[in-house]
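A quick write-up on the structure given underneath.
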Amino acid sequence: MEEKRKCLIIGSGPAGYTAGIYTSRAGLSPLLIEGMTPGGQLTITTEVENFPGYPKGMSGPNIMDDIREQALHCGTEIRSGLVTEVDFSQRPFRCTVDDADVIYADTVIIATGATARWLEIEGEKTYRGFGVSACATCDGNFFRNKDVAVIGGGDTALEEATYLAKLCKKVYLVHRRDEFRASKAMQNRVFNTPNIEIVWNGLPKEIVGEKRGFAKAVTGLTITDKLSGEDRTLNIDGVFVAIGHKPVTDLFAGQIDLDAQGYIITKPDSTATNVAGVFAAGDVQDPHFRQAITAAASGCKAALEAERYLIANE
Ligand code: NDP
1 MEEKRKCLII
11 GSGPAGYTAG
21 IYTSRAGLSP
31 LLIEGMTPGG
41 QLTITTEVEN
51 FPGYPKGMSG
61 PNIMDDIREQ
71 ALHCGTEIRS
81 GLVTEVDFSQ
91 RPFRCTVDDA
101 DVIYADTVII
111 ATGATARWLE
121 IEGEKTYRGF
131 GVSACATCDG
141 NFFRNKDVAV
151 IGGGDTALEE
161 ATYLAKLCKK
171 VYLVHRRDEF
181 RASKAMQNRV
191 FNTPNIEIVW
201 NGLPKEIVGE
211 KRGFAKAVTG
221 LTITDKLSGE
231 DRTLNIDGVF
241 VAIGHKPVTD
251 LFAGQIDLDA
261 QGYIITKPDS
271 TATNVAGVFA
281 AGDVQDPHFR
291 QAITAAASGC
301 KAALEAERYL
311 IANE
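Right under this line is the structure:
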């Protein structure tokens, strides 16, 4: 199938849906392709207290359902699927969905977000899905009344640790330094949770486990104490890796300018990329703030810039 659009939005987090709301209202009849994780990273978080409009807080998935519904209500066409190829060298731009359908678009808003980073230590790949996870809300339930470790010192790690502390017997929060970068509010929550034990200066070295019948399971995490250089193994059943995210930009390498970490480079005070007519919004171009609200705001900016671009190039 082939079709032509004024505006194609790739990605469905706060940035993508907000771009949908604004481009719909501007009469651009946008098509939004949702990608692998419809709703984006907020769909795998728990309670969100800092998104305006929810005075008592709200679950991440519910917020994303609301923004999606608003985008639909405004007229965004939302389609499930994965953009598998883009060609920004021709105009209109050519984008392929699920290796099959071709969409030609005058403007493209990239809002593909970011994905979890992994430790890249021994045992991590072997036990991924068998005790190693990057999502406490998805997998925490499997570790009821067990002992687990969470790795990281940012808001995600501390949020995951407090979430898991409600389910698990004990949570080791392993951080490579001696202070957290997470917000003070999150830190206070962790300090006040009795079954969280903080392991400062802990460098994860290896995830160990064993075969259990046809399956396998994690039995421990070996960490090196950064100060003494000594190793010790925590006896745990699960490891939750929460060490940040990387932008989802493999698809665009060679097509638009990326920085050394893979983030899309946008012009100062703009969502414009080096290709006129291609805009980037949200975490895919933001190594600094990475908040749902800043992503939504940049989705709005991208939509306004796409609209202006179309008017200027009519
Ligand atoms: P961050 O980048 O903030 O934190 C990553 C953490 O992982 C850091 O503590 C870092 O250590 C550690 N780390 C990185 N690489 C390694 C490694 N190889 N081995 C061991 N540890 C490592 O990521 P987050 O996902 O926590 O947060 C991203 C953004 O989202 C932030 O802006 C955060 O504020 C926001 N956020 C907000 C929430 C909320 O407000 N409710 C909830 C979740 C996230 P070091 O500190 O030494 O660099």
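Quick note on the numbering used here: the sequence shown kicks off at 1 and runs consecutively.
Ideal Cβ placement from N, Cα and C applies to all residues, glycine included.
Rounded separation between GLY154 and ARG181 - CA only:
5 Å
Between the segment 21 to 30 and the segment 122 to 136, can you find at least three pairs of beta-carbon atoms closer than 8 Å?
no
Is it buried or exposed, ASP286, if we count other Cβ atoms within 10 angstroms and call 16 or more buried?
buried
Which two residues bound the contiguous alpha helix (DSSP H) that contains THR294?
292 to 312
Looking only at its own chain, which residues have a Cβ that is under 7 Å from the Cβ of LEU203, when we skip the five neighbours before and after it?
ARG176, ILE223, THR224, LYS226
How long is the line joining the alpha carbons of ILE17 and ALA296, rounded to whole angstroms?
It should be noted that the sequence gives Tyr, not Ile, for residue 17. The alpha-carbon atoms of TYR17 and ALA296 are separated by roughly 8 Å.
Counting C-beta neighbours from all protein chains within 10 Å, is the total for ALA253 16 or more, i.e. buried, or is it exposed?
exposed
What residue range does the beta strand (DSSP E) around TYR163 cover?
Looking at the DSSP string, TYR163 is not in any beta strand (DSSP E); the run it does join, the alpha helix (DSSP H), is 155 to 165.
Is any non-hydrogen atom of the ligand NDP found closer than 6 Å to the C-beta of ASN50, if you look at the structure I gave you?
yes
Any non-hydrogen atom of the ligand NDP closer than 6 Å to ILE243 Cβ:
yes
Would you list the residues sitting across from LYS216 in a DSSP beta bridge?
LYS211
So LEU32 is in the beta strand (DSSP E); what residue range does that whole segment cover?
31 to 33
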